[in-house]
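Peer 1:
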Amino acid sequence: MKRRTVYLALCEKCGLPKKITKYAIRNYWKNNITKDEYCSNCHHHTEIPEHLRKIAAELVGEAK
Ligand SMILES: [Zn+2]
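For the sequence shown, numbering that gives the first Met the number 0 gives the first residue as 0, with consecutive numbering after it.
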């Protein structure tokens with residue numbers, strides 16, 4: 000069984016946790032393709048702040 004590293008982002012409106020995969024951080028967050036995360040519960044878009052983007056990049060080992 001393959002283990003995947005998954006991180007959580009919280010919806011700023013309702014607090015629902017959303018799973019963010021390492022793959023998504025590496026490919027979408029880092030390249031600014033994903034500007035926000037959509038909440039399936041309250042349909043709110045939570046903007047990803049720049050500092051969180053940086054931390055996430057460091058967590059997946061992409062920061063230099
Ligand atoms: Zn929400």
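From the three backbone atoms N, C-alpha and C, an ideal C-beta is built for every residue, glycine too.
Closer than 6 Å to a non-hydrogen atom of ligand 1 - does that hold for the CB of N40?
Peer 2: yes
Peer 1: Within 10 angstroms of its Cβ, does C41 collect 16 or more other Cβ (buried), or is it exposed?
Peer 2: exposed
Peer 1: I want to check one thing, is the minimum distance from the CB of L51 to the heavy atoms of ligand 1 below 6 Å?
Peer 2: no
Peer 1: If distances are taken between C-alpha atoms only, which option among Y37, H43, Y27 comes closest to A53?
Peer 2: The question names Ala, but residue 53 in the sequence shown is Lys. Taking only the C-alpha atoms, the option nearest K53 is Y27.
Peer 1: Confirm the yes/no value for this check: CB of K12, any heavy atom of ligand 1, distance under 6 Å.
Peer 2: yes
Peer 1: Short check: CB of K21 to CB of T4, under 7 Å?
Peer 2: yes
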